[in-house]
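Residue numbers (full-length UniProt numbering), protein chains in the order written: chain D, 1 to 304; chain U, 1 to 617.
Every residue gets a Cβ at the ideal spot worked out from N, C-alpha and C, and that includes glycine.
Take a look at the structure set out below.
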């Protein structure tokens, strides 16, 4: 089954909050966005998020948080038809969505199932659909969300059980872009020389290298939802990381561009920015896709 | 049943490097891992990789720093192997595309780290582990190495000779988390455990929820001694509310620690008059807790780590990830205010006893990475030495398992007649005591059953598959009792209270009693979730059994070692005792009747003998 088939109350309480604003420049092809880093720092400067969180936490102190969690199990009677279970979890300052579902599992229902591991937004296991938006459970403060907090598996992927979705297709797409250095060149132990890379070029690939494979972007993408063969934002971003790395040769870069300009590659992207909005690592995914489009055009012009 | 030459259990840094190493040596290798590889906890490592790459530095300096940092409890052959192999293995990562931070001339950047005489910590921002993990996974994809992800390894298929040194490992038994199917994985040449640390034995830890010491517990029960388990590193800078790690890189770049009164206590209270904040981790952790215990902590809990003076440009360039962590998990902006930090469990120095080729005393069974004890880190691991350990010893284990000749190991493994034995009277009886039906069946009981000794690989594997299927059936069919979460929480609390930075005899005995109670409670454990599909209740229940066994070895080691060395501090004897304690603590399971014994540390290196000196920073 898939979360695309939602039961009736889905739209009743979705979109309780504004997505983070992402100014779309007049000419996306030509002008760069303000980097997410700059935006983030700007937000910090305003201190908004912080003050809001503190105020919200003061309101919640001593209360419990109401969460509604999607439940489904293909082999357990009563769970074969998807349903939502309600849990009331005692609020603690700093509580995240992940903390809340862990509490519900450990104290109320040990069959409540979700992936999680590092608790610090690096393993990428716990991307959920929270109040209508893809978010990492461990990185989302529960006090910033409207209650009841609806926690669902990532849309557009098969649900295995409760909040666990099948990631195989996502992994297949990641592997499809040949995500590895192509050179066979390994250092000679007698003469240990690293390949040189300028700090600027390292900076160029920095954001793209932060992907944690959580799948939030793929799940948010309308194109990926309609075209199962579309590489999707995460895989294209992975391709970007390699294509922009000066340590690989021009020939290899051209090979990489051929992979991404295929029928189900970069040209499918309609620059809706949904991937960029949900990325928990602030990777400018849409921008990277656009840049690969430009590179592909340049490469093709060269051969005309 | 699945069959490969080499089976690697776990797919973090050590596991990935072991698989690549075995593949390079021509073996058909497969990885079996309870997580998808990119979810592994290596990804959370921040600081860097120590490697002597530059002029003015050399492997001997790296080895010396490591030996001193270990408080003279590391074995010289292991330490020297680490220091000698790290440069090539680090540069190999660079050739595989790892995005290291760069200098203006395009070479990889290195920075100072605690306890190092040269700035040799090679890094990729403050997210070195993430890049290491992904770069090596890319190589696994490139090589087409088979990965069985979300398969949870429950037990090892090991023969049952009375002496563990005579046993052979022929594979593993695992269950497919997605479907619940229990299957055997036959290994024709070797099994490499790379399952990471047991940090979940504690409740304030930087470790992932998945770090449950599975490999340690399985090897221990199969007959491999656990070495130096009492040496647990408490990292001095973790966020108080979650245990999330703030890299030593912050102090490496010049970050300063302050107490409530704004004193730079590392200097002002004389904890480390030369190195201050960059003293070894154990020194800084004790200093922080001493400040808090003397009423100079903030909110009686933590101290401040301040990096504002480094300036936003440098912070954004080298430590950006720290800003995200402090903001997301503590609500603090590291650019405008100091970050609250306190010590948290971070790393287990001890582990599965291996030699410098990763081999254990059981033929065909290897271990590498945090689950292993070679021993490189001795009583205290230096920052930046965990990642080179993964790549150096992961590669060696992979190569050796696949049949490469790495030369004779100098480090001995396994119990032998004539070793020094511990005869201290314990407050409880450690070990199995009646939980066989809910844990791995111990080998001697099987022999006593009349089934006789099995040496045929398929027979050993079939028997283990049957046992593990029965174990799953038992846990699933039992429909009342106690749930694992309650036992795990009790265990974690006891360990954090009494087996922490400061340890006392009374506290350690109290912890042993609580661990015993956890064992008794576990006899009545059951799995409530009736589903075969993605049953995390079942998986965590089995993990909790492993945590109990591992926690007990930590606490036993801590109780018998009546001295203060490295990360292990004892109230009763607050000094290092080289006369009596220049030796490794080993705990053997003995089919459920654990015993403690010792092996002298090896201080003779290739070119010199390391003389224990006072460890001051």
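For residue 77 of chain U, the enclosing alpha helix (DSSP H) has its first and last residue at 76-95.
Rounded to whole angstroms, the separation of the alpha carbons of residue 173 of chain D and residue 347 of chain U is 35 Å. For a cut-off of 8 Å, the C-beta gap from residue 400 of chain U to residue 364 of chain U is around 11 Å, too long to register as a contact.
Listed by position along chain D, the residues whose Cβ is nearer than 9 Å to that of residue 329 of chain U are 94, 96, 119, 120, 121, 138 and 139. Interface flag for residue 360 of chain U against chain D is unset, since no Cβ pair is found closer than 8 Å. By the C-beta density criterion, residue 540 of chain U is buried, having at least 16 other C-beta atoms within 10 angstroms. Between residue 257 of chain U and residue 303 of chain U, the C-beta spacing is below 8 Å. Put simply, the CB of residue 616 of chain U is far from chain D, with every gap to its CB atoms at 8 Å or more.
DSSP places residue 146 of chain U in the strand class (E or B) of the three-state scheme. For residue 237 of chain U, no Cβ of chain D is located within less than 8 Å of the residue's own Cβ. For residue 116 of chain D, the chain U residues whose C-beta falls within less than 8 Å of its own C-beta are 209, listed in chain order. Our two residues, residue 278 of chain U and residue 114 of chain U, have alpha carbons roughly 4 Å apart in a direct line. Distances from the CA of residue 63 of chain D to each of D:152, D:282, D:264 and D:143 were compared; the closest alpha carbon is that of D:143.
The C-alpha of residue 156 of chain U is placed about 7 Å away from the C-alpha of residue 169 of chain U.
When DSSP states are grouped into helix, strand and coil, residue 96 of chain D belongs to the strand group. DSSP places residue 184 of chain U within a strand segment (E or B) once states are collapsed to three. Residue 283 of chain U carries a helical assignment under DSSP once its states are collapsed to helix, strand and coil.
Taking C-beta separations shorter than 6 Å and ignoring five residues to either side along the sequence, the partners of residue 410 of chain U in its chain run 77, following chain order. The beta strand (DSSP E) runs of length 3 or more contained entirely in the stretch 459-484 of chain U do not exist; there are none.
Any Cβ of chain U closer than 8 Å to the Cβ of residue 209 of chain D would place that residue at the interface, and such an atom is present.
Here residue 608 of chain U carries a coil assignment [DSSP, helix/strand/coil].
Runs of the alpha helix (DSSP H) lying entirely within the stretch 209-247 of chain D and spanning at least 4 residues, in chain order: 216-220, 222-226 and 232-243. At least one CB of chain U lies nearer than 8 Å to the CB of residue 113 of chain D.
The C-alpha of residue 518 of chain U lies about 20 Å from the C-alpha of residue 154 of chain U. Counting only Cβ-Cβ distances below 9 Å, residue 175 of chain D has contacts in chain U at 141, in chain order.
By the neighbour-count definition (other C-beta atoms within 10 Å, threshold 16), residue 356 of chain U is a buried residue. For the pair residue 307 of chain U and residue 289 of chain U, the CB atoms are not nearer than the 8 Å cut-off.
In this structure, U:239 is the residue among U:300, U:132, U:239 and U:422 with its C-alpha nearest to the C-alpha of residue 338 of chain U. Contact between residue 129 of chain U and residue 387 of chain U holds, with the beta-carbon distance rounding to 7 Å and staying under 8 Å. Under a criterion of Cβ atoms nearer than 7 Å, the residues of chain D adjacent to residue 534 of chain U are, in order, 113, 160, 161 and 164. Within chain D, the residues whose beta carbon sits less than 8 Å from that of residue 178 of chain U are 160, listed in sequence order.
The beta carbon of residue 304 of chain U does not come within 8 Å of any beta carbon belonging to chain D, so the residue lies off that interface.
For residue 549 of chain U, the enclosing alpha helix (DSSP H) starts and ends at 536-560. When DSSP reads this structure, residue 188 of chain D sits in a beta bridge with D:191. Neighbours of residue 21 of chain U in chain D, taken as residues at a C-beta separation under 8 Å, are lacking, since the least C-beta distance is about 13 Å. Following the DSSP letters along the chain, one finds residue 589 of chain U in no beta strand (DSSP E), marked with neither H nor E.
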